[in-house]
Amino acid sequence: MIDFSKIGTGNTVDTVLPPREVFNALPHKNAEKFQYPRDVQSQVWAKWFTRRDNDSLVIKMNTGSGKTIVGLLILKSCLNEGKSPAVYICPDKYLVKQVIDASKELGIEVTDDVNSLRFLSGKAILVANIYKLVNGKSVFGVGDEGLKLKISSLVIDDAHACLETVEDQFTINIPQNANAYVEIYSILRDSIHSQCESKAVEIENKDPTSYLQVPYWIWQDKISEITEILVKHSSEDFLKFVWPLVKENPKLSHCVIDASGIEISPPAIPIHMIPSIVDADRKIFMTATLVDDSILSSHFGVNEQYIKNPIVPDSAGDIGDRMILLPQVINTETSDDDIKKYCHALSKDINVVVIVPSINRANYWKNAADAILMSDNLNDGVKKLKSGHVGLTVLVNRYDGIDLPGNACRVLVIDGFPDVRRKIDKVEQSILLGSTRHVNQVIQRIEQGMGKGIRSNDDYCVVFLVGKDLTSQLYSQGAIEKLSPGTKAQLRLSEQISEQISEQIKGKEIFQLTDTIKYCLTRADEWVTASKGVLASLKYSEENNLDKMTLILRNAYDYASKNDPVKAADILNNLVNEITNKKEKGFLKQIVATYINLFDKSEAQKLQMSAVNDNRRVLKPIEGIQYHKIAGNIFDQAVSCSNYLSSRHNDPNKLIIEVNGILEGLQFKEGTSNIFEEAFKNISRYLGFESQRPEQEYKKGPDVLWKVGELNYLVIECKNEATASTISKDYCNQLNGSATWFETKYDNTCTYTPIMVHPSIIFEYAASPNPKIRIITKEKMLQFNNSVKNFIKALASNNEIGNQTAIRQKLISYKLRAGDIVELYTTTFTTKNQ
332 MIDFSKIGTG NTVDTVLPPR EVFNALPHKN AEKFQYPRDV QSQVWAKWFT RRDNDSLVIK
392 MNTGSGKTIV GLLILKSCLN EGKSPAVYIC PDKYLVKQVI DASKELGIEV TDDVNSLRFL
452 SGKAILVANI YKLVNGKSVF GVGDEGLKLK ISSLVIDDAH ACLETVEDQF TINIPQNANA
512 YVEIYSILRD SIHSQCESKA VEIENKDPTS YLQVPYWIWQ DKISEITEIL VKHSSEDFLK
572 FVWPLVKENP KLSHCVIDAS GIEISPPAIP IHMIPSIVDA DRKIFMTATL VDDSILSSHF
632 GVNEQYIKNP IVPDSAGDIG DRMILLPQVI NTETSDDDIK KYCHALSKDI NVVVIVPSIN
692 RANYWKNAAD AILMSDNLND GVKKLKSGHV GLTVLVNRYD GIDLPGNACR VLVIDGFPDV
752 RRKIDKVEQS ILLGSTRHVN QVIQRIEQGM GKGIRSNDDY CVVFLVGKDL TSQLYSQGAI
812 EKLSPGTKAQ LRLSEQISEQ ISEQIKGKEI FQLTDTIKYC LTRADEWVTA SKGVLASLKY
872 SEENNLDKMT LILRNAYDYA SKNDPVKAAD ILNNLVNEIT NKKEKGFLKQ IVATYINLFD
932 KSEAQKLQMS AVNDNRRVLK PIEGIQYHKI AGNIFDQAVS CSNYLSSRHN DPNKLIIEVN
992 GILEGLQFKE GTSNIFEEAF KNISRYLGFE SQRPEQEYKK GPDVLWKVGE LNYLVIECKN
1052 EATASTISKD YCNQLNGSAT WFETKYDNTC TYTPIMVHPS IIFEYAASPN PKIRIITKEK
1112 MLQFNNSVKN FIKALASNNE IGNQTAIRQK LISYKLRAGD IVELYTTTFT TKNQ
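Just so we're aligned, residue 332 is where the sequence shown starts under my numbering, counting upward by one.
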């Protein structure tokens, strides 16, 4: 017998260093699947190898281009170089299994046991989910207890998908039924009542739609008392895994209260509390080709220099084939119901996957769905999709971390905007609603979702982007330019297709799209040639486009956490001077004031007042806000309407898309009160009226105020989330209070109509409604929406946006003059008998 161990064979799989050579040396890899590495993998390995001793590196690769293989081979190379232990981190348990399966096919030794001697001795790679690494009782060590387990080489795969888990671990959520909630709320109660009395009362009455941020000056002033309460309850389930991570600097945190609980979260993640990440010799963050990686700074503390110069393949065209269609842009008459019916029909032959933002939206698809997947049944559901035909599957708020190759998903539907999860995200979204920063965040999330249907460069699927609010945002503020090069090229190609077919299917059913999508699904030569052609010459930018605000906010937090709030305020003030967007400027001034308040309370209040002048949705300063009336200028609705429409769009079709997006927000459904109020305010401008959101902008007054004539106003309370069969006494009192507010702010030359948006027209017996009150029901709102939609469509179809005479005639024809609003789109109320 020959002993081959005594024969010199040169470099072996355990000694060779360049990852491509390690790949070629693997003796037990699946030869059919891994005969050769892909070009993009070899390119990334070569670039990493020359920069491998950098503290942190970012690798950006297209979805489905083999990032898992790239990461495993990089860690194997590190082990061969003696840089052990090596850890491969995934977003969740589901992906841990995928990585372990991939390692078996490669013949690379891995383990999921953190105590494994093979791992500790540098022979095997540990594969774990992000929670294993980042939690308040991490086996790797936390905060002042120091480093328990050194990591030398660390890969964090799908880093963007790990962010939510990281945020959760650094966020305290105190449930409303906990003693700690009662104790902390009693300390903060007066401050939230001073911010907005009506919302504070709604929170105390368990209204699920209301929330308020605690003013930073109160939070900082009361932090000693609050810390004592948190320490007292630190062993309870809601605190024990979080408190060790955040206890170092609670004074800098945000606090938001709603009916479900109290949320406390830092403005950036103090990742130094997980020393095994910070002290790792080599950190590799692998991401999809999303444009903005600055969030790696705010959440993982990655230095700007490393994020700015990512490792990318030579070509950006190594991506699966997608035909990306917007049915409600191709035909603006297409409804959500039409799309649901069509997708259900398609699912009889192929797997259709629909990503929805919420359980509420999942319920909308329920009568067409064969499966609805949430965290508890996700693994089994995905397994079934991969193994054969399922039909129509709904994924609830799952935009990342899912692998759906080949026939598992041939049609992918992104239905509507992703929901924000945390209370502080709701606050920020409200403050920045419609700003470039807000749009960028949403677009990035949508692109994550669009990547689920293609897992390799020879994969293919059709993508439908659905929801008039989504399509409206996609065509505003240069949102499409925020997409990655590959996705943008595919969307532009699909737009050319859409332009050709829009006239052909105008006035016809959505089923007419079938001939078009078959080009992609049947791999028609002309489509494949065109699709590959737009990708062939694509290159990645050598430099990442980073969000400057995110990076500076991170730096400011780091200074403040080192007890240098003066420096934190200084660097933020420099940024304030560069910002031109008023919403973002006010938002940023409030953050500067938060740090200034730590050393100069008077100056902080001055800056907070300035922040309010830029953005009415930030916190109200101690001295309050001076209300600015909607001026009673000479009023001509048609002129005002023409001026506004002309300022919005030159392209009539884009105007239709934009208005349809706003009207989409005027729906009676849970979790949409802020969207509804904003939409109700905004739609008035398209009709030639002026409007405000006094409660949002001034912390007092009605939800929405319309000026519909020189001296005529509508005082509106929006209860579109209500489900009760009667209008409550509390809701009645709010509208009565808003009427009183109006009378104190406007003189007796002004007239107003108090309006309640509610599904019922019946006040409960205990209510005392003002006799002038009118109600907008679901039916009346639908009538109003249709009138507005047809009005805008008529103007756009005839290209009469700037024609004041035509606008005046159509305001009459579609019954949208000032007097029509109350007469036709509201109704009278009744009061329930005892």
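Using N, Cα and C, we set each Cβ at its ideal position, and we do this for glycine too.
Taking C-beta atoms as the reference points, Val727 and Lys391 fail to come closer than 8 Å.
The region 814-854 contains, as complete alpha helix (DSSP H) runs of 4+ residues, the segments 816-833 and 845-852 (chain order). For Pro539, the CB contacts under 6 Å within the same chain, skipping 5 residues up- and downstream, are Ala590 in chain order.
Counting other Cβ atoms within 10 Å of its Cβ, Ser1099 stays below 16 and is therefore classed as exposed. Shortest Cα-Cα distance from Lys481 to any of Val609, Lys454, Glu495 and Ser566 involves Val609. DSSP, read as helix, strand or coil, puts Tyr542 in strand. Contact between the region 810-824 and the region 859-877 is established, with three or more Cβ pairs separated by less than 8 Å. By the Cβ rule, the region 1047-1055 does not count as touching the region 973-987, because fewer than three pairs are nearer than 8 Å.
The continuous stretches of alpha helix (DSSP H) do not include Cys1049, which lies in the beta strand (DSSP E) extending over residues Asn1043 to Cys1049.
Judged by DSSP in its simplified three-state form, Leu723 adopts strand. Nearest to Arg1016 by C-alpha distance, out of Gln544, Phe999 and Gly1040, is Gly1040. For Tyr425, the uninterrupted alpha helix (DSSP H) run begins and ends at Lys424 to Leu437, by DSSP. Pairwise C-beta distances place the region 1108-1124 out of contact with the region 1057-1068, as fewer than three of them are shorter than 8 Å. The DSSP-derived three-state label of Asn460 is strand.
In this structure, the straight-line span from the alpha carbon of Ile420 to that of Val486 is close to 6 Å. For Gln1165, the number of other beta carbons within 10 angstroms of its own is below 16, and it is reported as exposed. The alpha-carbon separation between Cys493 and His630 amounts to approximately 10 Å. Exclusion of the five residues before and after Lys571 leaves Gly467, Lys468 and Ser565 as the residues of its chain whose Cβ lies within less than 8 Å of its Cβ. Here Val793 is not near Met781, since their CB atoms are 8 Å or more apart.
Inside the region 478-542, DSSP marks whole alpha helix (DSSP H) runs of 4 or more residues at positions 490-500, 510-526 and 528-535, from first to last along the chain.
In the displayed model, Gln775 falls within a helix according to three-state DSSP.
Apart from the 5 residues on each side of it in sequence, Gly719 has no Cβ closer than 6 Å to any other Cβ in its chain. For Phe380 and Pro546, the gap between their C-alpha atoms comes out near 49 Å. In the DSSP annotation of this structure, the continuous segment of the beta strand (DSSP E) that includes Gln1023 starts and ends at Glu1021 to Gln1023. Excluding its 5 nearest sequence neighbours in each direction, Lys530 has C-beta neighbours in its own chain below 7 Å: Ser541 and Leu543, listed in chain order. By the criterion of at least three beta-carbon pairs nearer than 8 Å, the region 445-462 is in contact with the region 409-416. With a minimum length of 4 residues, the unbroken runs of alpha helix (DSSP H) contained wholly in the region 644-672 fall at 658-661. The DSSP assignment places complete alpha helix (DSSP H) segments of no fewer than 4 residues inside the region 1074-1134 at 1109-1128, in order along the chain. Of all alpha-carbon atoms in Gly477, Phe1122 and Asn460, the one lying nearest the alpha-carbon of Pro606 is that of Gly477. For Leu735, there is no enclosing beta strand (DSSP E), as DSSP marks it with neither H nor E.
By the neighbour-count criterion, in which 16 or more other beta carbons inside 10 Å mark a residue as buried, Ser1022 falls on the buried side. As a beta-bridge residue in DSSP terms, Trp1037 pairs with Ser1022 and Leu1045.
Secondary structure of Gly397 (DSSP, three-state): coil. For Val418, the enclosing beta strand (DSSP E) has its first and last residue at Ala417 to Cys421. Contact between Ala599 and Leu884 holds, since their C-beta atoms are separated by about 6 Å, short of 8 Å. Where Ile557 is concerned, there is no enclosing beta strand (DSSP E), although the alpha helix (DSSP H) around it starts and stops at Ile554 to Lys563.
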